[in-house]
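Asks: My structure is below; once you've seen it, I'll send some questions.
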Amino acid sequence: MLRKPEIKGDTIVVPSDPNLIGEIDEFVESRLRSRQVDDSIIADIAICATEIANNGIIHGNKEDPEKTVTLAMSFSGGEVTIVITDQGNYFNPETIENPLDDKNLLREVGRGIFIVRSLMDRLEITPANGGGTTVTLVKKIT
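Anchor point for the sequence shown: position 9 equals 10 in our numbering, and the numbering is continuous, going up by one each time.
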């Protein structure tokens, strides 16, 4: 069982412990800073990556300490691609209700994907190989 985050290059694997979400934030920000990305873009990307990873830990993996969330970053053509995979059940994005509907305005959940969609250039949610959910985020950084 993985008890602390493991980092290899531009990939971090984190146990399903919400207390470790800060590790993902630090990892993403440090990788982007090393490429001299503008602070406002770093903030948007970090918000999105931590939101999706947190969803994977809490909703996908149900905080099961035997399961992990993997975040891999790649850089090409002036863009960063971040692929986040959990080991829970597949999350179908079609089931998300619009957080701007009157009936949802006061709900405390359901805004994360909406926010991520607005901040990133591309968001893709697919079933992961072997189970779970893979979320791909793409953002122009130059």
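For each residue, glycine too, the CB sits at the ideal point set by N, CA and C. Computed from a prediction, not measured in an experiment: that's the story for all the values here.
(1) Please identify the residue among P128, R4 and D122 whose C-alpha is closest to the C-alpha of G79.
(2) Mind checking which residues open and close the alpha helix (DSSP H) that includes E162?
(3) Quick one: what does DSSP say A73 is sitting in, helix, strand or coil?
(4) Between the Cα of H60 and those of T86, E27 and D45, spot the shortest distance and give me the residue it belongs to.
(5) Residues in its own chain within less than 8 Å of D34 by CB, not counting five upstream and five downstream?
(6) Any idea what DSSP makes of N105, helix, strand or coil?
(7) Can you tell me where the beta strand (DSSP E) holding V136 begins and where it ends?
(8) Would you kindly check if the distance between the Cβ of I46 and the Cβ of V136 is under 8 Å?
(9) Would you give the residue range spanned by the beta strand (DSSP E) that E80 belongs to?
Replies: This is what the structure holds:
(1) D122
(2) Any answer about residue 162 is impossible in this case: the structure gives the chain only from 2 up to 143.
(3) strand
(4) T86
(5) Correcting the residue type first, residue 34 is Arg in the shown sequence and not Asp. Within the same chain, R34 has close Cβ partners I43.
(6) Residue confidence is low: N105 scores 48 on pLDDT, short of 50, so the model does not pin down where it sits. Its coordinate-derived value is still stated next. Three-state DSSP puts N105 in a helix.
(7) T134 to K141
(8) no
(9) E80 to T86
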